[in-house]
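Worksheet: the structure to be examined is printed underneath.
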Amino acid sequence: MGILGWIVLGLIAGAIAKAIMPGRDPGGIIITMLLGIVGAIVGGFVGKAIFGTDINTFFSLSTWLLAILGSLIVLGIYRLVTGNRARA
């Protein structure tokens, strides 16, 4: 799957992660979508390393699940890091 596919997948995964984990984000929807792209890439590489799954197909369920999981993890880390600064 090319870089454009990962970007589209990340944007959608970021939106799904935001829907699963609602709340106020310090950066807004644009940052959430960018975190979704990073999360999709991270989730794909970690999934390939741990599970050995093939992440080259866009319409594979495992690719989508790994991208959403990676987006949730990156969004959670982002909220932990920037959440305290936004309140201080």
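Note that the UniProt record's numbering gives residue 84 to position 84 of the sequence shown, counting from 1, and the numbers run on in steps of one. The C-beta atom is built at its ideal place from N, Cα and C for all residues, glycine as well.
Status (buried if at least 16 other CB within 10 Å, exposed otherwise) for residue i
i, result
"L4", "exposed"
"L61", "exposed"
"residue 94", "The question about residue 94 has no answer, for the chain in this structure spans 1 to 88."
"V74", "buried"
"A40", "buried"
"G44", "buried"
"A17", "buried"
Residue of the options minimising C-alpha distance to residue i
i, options, result
"I29", "V42, I12, I41 and W6", "I12"
"V46", "L34, F59 and L66", "L66"
"I20", "L72, W6, V8 and I31", "L72"
Beta-carbon spacing of residue i, residue j below 8 Å
i, j, result
"G36", "G10", "yes"
Closer than 7 Å: residue i CB and nearest the ligand FAD heavy atom
i, result
"V42", "The ligand FAD is not part of the structure shown, which contains no ligands of any sort."
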